[in-house]
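Q: Residues 329 to 440 (the working numbering) are what the sequence shown spells out, left to right.
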Amino acid sequence: MMLFHSEPNPNLEPTPEEIQAEVKTWQDWMGGIAAQGKLKNPGEALGFEGKTLHADGAITDGPYAALKEMIGGFVIVSAASIDEAIALANGCPVLSQGGKVEVRDIMVLEGM
Numbered sequence: 329m330m331l332f333h334s335e336p337n338p339n340l341e342p343t344p345e346e347i348q349a350e351v352k353t354w355q356d357w358m359g360g361i362a363a364q365g366k367l368k369n370p371g372e373a374l375g376f377e378g379k380t381l382h383a384d385g386a387i388t389d390g391p392y393a394a395l396k397e398m399i400g401g402f403v404i405v406s407a408a409s410i411d412e413a414i415a416l417a418n419g420c421p422v423l424s425q426g427g428k429v430e431v432r433d434i435m436v437l438e439g440m
């Protein structure tokens with residue numbers, strides 16, 4: 329699984345053309361992974377609203393661990409190793425905006 333991290337920019341107000349260009353960069357990048365037969369789940373972009381339930385029962389506003397960074401979306405790819413998944417992550421549009429891609433393995437639990 330690839331998780332896309334970036335810093336929120338409340339002052340960013342992209343034009344419709346800029347939004348279209350951004351969407352196209354994501355489509356092109358994911359299309360390249362799909363063309364290799366490696367895209368298992370195209371994932372989703374995540375919204376900006378949410379709440380977090382803590383172990384002590386406290387509930388805080390926001391889907392973020394800190395205001396400095398948020399997870400903006402995810403995809404699931406098929407890769408033989410973490411290193412192969414990192415290679416697939418190369419060129420992800422979030423990187424050109426100063427963000428990062430977190431690559432995690434997904435555990436398969438028997439009987440679930």
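Glycine included, each C-beta is placed from N, C-alpha and C at the ideal position.
Any idea what DSSP makes of S424, helix, strand or coil?
A: Reading the sequence shown from its first residue, position 96 is the one you call residue 424. Three-state result, S424: helix.
Q: Among A417, K379, E430, E438, which has the Cα closest to the Cα of G359?
A: Your numbering for residue 359 matches position 31 in the sequence shown. For the residues A417, K379, E430, E438, the minimum Cα distance to G359 belongs to A417.
Q: For the 8 Å Cβ check, are there 3 or more pairs between the segment 329-346 and the segment 423-438?
A: The segment 329-346 is in contact with the segment 423-438.
Q: Exposed or buried, which one is I361 when buried takes at least 16 other CB atoms within 10 Å?
A: Counting from 1 along the sequence shown, the entry for residue 361 is found at position 33. Burial call: buried.
Q: In the DSSP assignment, find the beta strand (DSSP E) that holds G439 and state where it starts and stops.
A: The residue you call residue 439 lines up with position 111 of the sequence shown. Careful: G439 lies outside any beta strand (DSSP E) and carries neither H nor E.
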